[in-house]
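Peer 1:
Numbering (the numbering used here), first residue to last: 118 to 1229.
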């Protein structure tokens, strides 16, 4: 459905001037070319076309205006012609000549000649052929609308069903490359799925597209066909998506990185002890002892009272990592003390962790009552109450002033108790049973020197680790027995902890430690968030977990006398290497104080339990991990003279330095051997398979690329010589098959991503005053609803399997309930939007739905360990790493379950491990990888090359089951990159003056160039073109057109003395032109665009630039 207007000529004009005409319909305007030196007749002979989303109403009008065009002065109106389209709607085709009206609506002599054609969706005006309309000898000159497509959609239209098609013909707009006025940042609508390449502009005319110069990302427009429907019922999400000839070979890179998770920060805990009431005892002298971590402070002693008033204020300062801070316990103890010298008699205790306080509004409890209990007797009643204010403030937090306490304030005990979220009644005592079964994959804990000394003294080599497990919760600690000399310890012990439920502590810490006579050392740590393994409400469930494996991560498995990343093993910061797997189970039991069989002790107990049957963990499955290194660039010059290789590992598999460690069977008892026959299945299956392939297959070259010296083109950054030869690595491993957990997480992750994109689109539409943002909002809701329905159908597949734990079933039930609620709520929201259209309220609802979805993504019970990629120097020294969650690259037959990066080329930025990643030095690039990743079972491995960019040749091995070591690309294309660097704004101030001396480095593939340096400014205007000649790309050019590699822009502060300081980094995707395409509008020249600059996790300014990649 379209309206086509042929503006032929304007006659009987007065005088001689340059003429221009403008045609407007539904707010969308087209201008003709300037007709220069025109006298009485202007022959424009111009054709304009409006693709329509709804039928034309007979009351709508078309307007034609003719101007005298001035080169220096503004254009002057000659006359206007307005036409009601009722006759056109009835007949479908008109040709007319009418007079123009002046500004006073008086007729003038000038006339305009038009020809119009229109076809409705229901065919009421008959069919017509465009070739019967006019001679289309200049059809390629027909303009395409470049305004807001919503102006083509009038309101209050009704009709039949509507079918929406996405047309993915690429348009970009033609904003000039150099602009002297402030440009609005361009945000992209992301609901278009892919790009469809048109052969020529004639095809674009036959299949017209809507294009929005501010909302389109060049990935396509939207064409709508229907029968005059109400636009408020049109769904953007439910349309047919055309994905033919679409390349989807690259995944979206992560721009924002946060390496500061374990970085020490400043915190202040302030506690005001106001008063106490209903303390147990007669003629007591109460005093409050306040403990925060290891710090302790006391109030004064009040004499002979059960209701003392204190009004004392205490402050505790800390500088520690967030995780450590939030697990720190706050403990209030009231004691009866006759004097300050002798220790008093405890009356009652109250405790909570700092994280609970920090999670409250304004990070505080204000005028709340703490309930005192007897920590040694669970049958005892409440021992009293203490009223207090507790506040936790971190660096950068806003501190709100507390309102003054007024006697009439509601300070009642019942209404102001300190309780966990969702708890309204009295809390009960409960026991937490933590079953510790066994661990595998432990690292060697001694250096080679110590190992040789022990071997010489003991006469034989023993396993050099003596592990035990320590469980910490709510200030209590319990530990298992020590298993001497074992890389595969088996405990089969239960640690029993007793505390009030629901607890005011959120996390339970499990840590495998190596026992040593001098100092015990942590091997790995894991935290269980109780809020993730239980559910509040009438139909909720108590905390439950497993039996399931948990993966522990920490420092590298390089063994030196001093481990510089030991804090990672304590859970402080992001783990940079796999450390161990621990099999455990957690159950919770509420205690009945009236039961005569109740053991009223609160001490930590350790008991023996039967060994677990491995069948409940699921069957063992062989997995295959494949990686192809397409490119390795931006390597620092400090290691440019050394041999560099890259290692990929999953768990211990693939670790070239410390792979599978197995215990010495000579050092184990017969009972242990009998119990552990099935424990060794995981390693035995792999080793047997590898030995069958020969000793060469056991080498580290499976997981490590060949060592090479890097090269350079500019001396700024170095790159590996991966030209047409792309090195490949692969690792075979064996794990219990728990893919359903990862599949469910992937489905919900994709639903949340689409909903987040929809919210961003609506927010941008509202910010830029786009009409009808509720339509995109409705589309996002429909996408979410369809995704939730798909999850409900897929997630139930394995719910009855024997290897599903109790938590698996309960979380699935909770997820289904949550998602079904989302479906119902979204449809109710859409119905409200039809009548109310309160977008801000709807956006609030959408954000709540998004938060609920995000909370369901991560599964607390682990499955396959994460994948690590390390850059090695001289085969042994580890420099920088990247960590990829296994679920992101996991293969699945259903698209919804497929990992978002599986079978795609992923851009990875390697970072330094541990504390070295803190600050600007850690934010600077260590290396950039373009790597293809795939993870699946051996049964699925026939698909591992399906997503590779086309054009490679696989070198066949003698053994067809052995994957390729190298993929060779036979086709190479030459390109030229043009980086139009205009300006940056609001940059980070790197100098003490509050300004910077900024310059930018633009890196693409193996090439790097820099702009000039601007002195003392935060808004440099470079207005500079950087040209990169002889850029060679491997693969099919048309794939590169749709999925080009990213351009990296790094902004630095130039220092007179010393190294330049890193300010921030931005990523951009260039607009690509292959040799068969013309260099012409609307795609070229590309428009300037704003790109966000990130400095670690924070924003550090914006960059205004454009990038084009042209095939030579």
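Cβ atoms here follow ideal geometry from the backbone N, Cα and C, with glycine treated the same way. From a predicted model like this one, the values you see are computed outputs, not experimental measurements.
#1: Put residue 1065 into one of helix, strand or coil per three-state DSSP.
#2: Under 7 angstroms between the Cβ atoms of residue 136 and residue 119?
#3: Straight-line CA distance for residue 127 to residue 192?
#4: Among the residues of its own chain, which have a CB less than 7 angstroms from the CB of residue 516, if the five just before and after it don't count?
#5: Note down, in chain order, each residue of its chain lying with its Cβ closer than 6 angstroms to the Cβ of residue 907, except the 5 sequence neighbours on either side.
#6: Below 7 angstroms between beta carbons: does that hold for residue 402 and residue 418?
#7: Could you check the C-alpha separation between residue 707 and residue 1043 for me, to the nearest Å?
#8: Tell me whether residue 1166 is buried or exposed, calling it buried when 16 or more other Cβ atoms sit within 10 Å of its Cβ.
#9: Evaluate the contact criterion for the region 1002-1010 versus the region 981-989: three or more CB pairs, one atom per stretch, below 8 angstroms.
#10: Among the candidates 367, 449, 208 and 1171, whose CA atom is the shortest distance from the CA of residue 463?
#11: Beta strand (DSSP E) containing residue 165: first to last residue?
#12: Assign residue 1107 to one of three DSSP states: helix, strand, or coil.
#13: Are the region 822-836 and the region 851-858 in contact at 8 angstroms, needing three or more beta carbon pairs?
#14: Considering only the alpha carbon of each residue, which of 187, 209, 220 and 207 lies closest to residue 65?
#15: So, using beta-carbon positions, are residue 202 and residue 231 closer together than 7 angstroms?
#16: For the beta strand (DSSP E) containing residue 196, name the first residue and the last one.
#17: Identify whether residue 1212 lies in helix, strand or coil by the three-state DSSP scheme.
#18: Could you tell me if residue 686 is buried or exposed, where buried requires 16 or more neighbouring beta carbons within 10 angstroms of its beta carbon?
#19: I'd like the span of the alpha helix (DSSP H) that includes residue 971, first residue to last.
#20: Quick one: using the 10 Å Cβ neighbour count with 16 as the cut-off for buried, is residue 1177 buried or exposed?
#21: Rounded to the nearest angstrom, what separates residue 963 and residue 759 at their Cα positions?
#22: Using three-state DSSP, classify residue 427 as helix, strand or coil.
#23: When the Cα of residue 174 is compared with those of 187, 204 and 1027, which residue comes out closest?
#24: Starting from the C-beta of residue 883, find all residues in its chain whose C-beta is less than 7 angstroms away, skip the five residues before and the five after it, and write them out in chain order.
#25: Using DSSP's beta-bridge definition, name the partner residues of residue 1115.
#26: Identify which residue in 719, 690 and 1113 has its Cα closest to the Cα of residue 710.
#27: I need the straight-line Cα distance from residue 731 to residue 477, nearest angstrom please.
#28: List the residues that DSSP assigns as beta-bridge partners of residue 1046.
#29: Is residue 312 helix, strand or coil by DSSP?
#30: Where does residue 1232 land, buried or exposed, given buried means 16+ other C-beta within 10 angstroms?
#31: From the DSSP output, in three-state form, read off residue 180 for me.
#32: Counting pairs of beta carbons, one from the region 1058-1067 and one from the region 720-727, are three or more of them closer than 8 angstroms?
#33: Output needed for residue 880: all residues of its chain with C-beta closer than 8 angstroms, excluding positions within five of it in sequence on either side, in chain order.
#34: Residues in the same chain with beta-carbon distance under 7 angstroms from residue 1029, minus the five sequence neighbours each way, listed in chain order, please.
#35: May I have the straight-line CA-CA distance separating residue 1174 from residue 1118, to the nearest angstrom?
#36: Kindly indicate which three-state DSSP category residue 1041 falls into: helix, strand or coil?
Peer 2: In this structure, then:
#1: In the structure shown, residue 1065 falls within a coil segment according to DSSP collapsed to helix, strand and coil.
#2: Contact flag unset, no.
#3: Each residue's Cα considered, the two are about 17 angstroms apart.
#4: The residues are 510.
#5: Once the five neighbours on either side are set aside, the close Cβ partners of residue 907 are 1013.
#6: Taking 7 angstroms as the Cβ cut-off, residue 402 and residue 418 qualify as a contacting pair.
#7: Taking the straight line from one Cα to the other gives about 52 angstroms.
#8: It counts as buried.
#9: Short answer: they touch.
#10: Comparing Cα-Cα distances from residue 463 to each of 367, 449, 208 and 1171, the minimum goes to 449.
#11: Residue 165 -> beta strand (DSSP E) spans 163-168.
#12: Correct three-state label for residue 1107: coil.
#13: The region 822-836 and the region 851-858 do not touch, with fewer than 3 CB-CB distances between them shorter than 8 angstroms.
#14: Since the first and last residues shown for the chain are 118 and 1229, residue 65 lies out of range.
#15: Between residue 202 and residue 231, the gap from beta carbon to beta carbon reaches 7 angstroms or more.
#16: That run of the beta strand (DSSP E) goes 193-201.
#17: Reduced to three states, the DSSP call for residue 1212 is strand.
#18: Residue 686 should be labelled buried.
#19: Run containing residue 971: 956-972, per the alpha helix (DSSP H) assignment.
#20: Result: buried.
#21: Distance between the alpha carbons of residue 963 and residue 759 is about 52 angstroms.
#22: Here residue 427 sits in strand by DSSP.
#23: The shortest C-alpha separation from residue 174 is found at 204.
#24: Result list for residue 883: 890 and 956, in chain order.
#25: Residue 1115 is bridged to 1170.
#26: Nearest of 719, 690 and 1113 to residue 710, Cα basis: 719.
#27: So the two alpha carbons sit approximately 42 angstroms from each other.
#28: DSSP lists 749 and 1025 as partners of residue 1046.
#29: Only weak support is given to the placement of residue 312: the predicted model assigns it a pLDDT of 32, under 50, and the value that follows is read from those uncertain coordinates. Here residue 312 carries a coil assignment [DSSP, helix/strand/coil].
#30: What is shown of the chain runs 118 to 1229, which leaves residue 1232 out entirely.
#31: DSSP places residue 180 in strand when its eight states are reduced to three.
#32: Contact fails: fewer than three Cβ-Cβ distances are below 8 angstroms.
#33: Result list for residue 880: 960, in chain order.
#34: Sequence-distant Cβ neighbours of residue 1029 in its own chain, meaning closer than 7 angstroms and more than five residues away, are 997, 1039 and 1043.
#35: Straight-line Cα distance between these residues: approximately 19 angstroms.
#36: Here residue 1041 sits in coil by DSSP.
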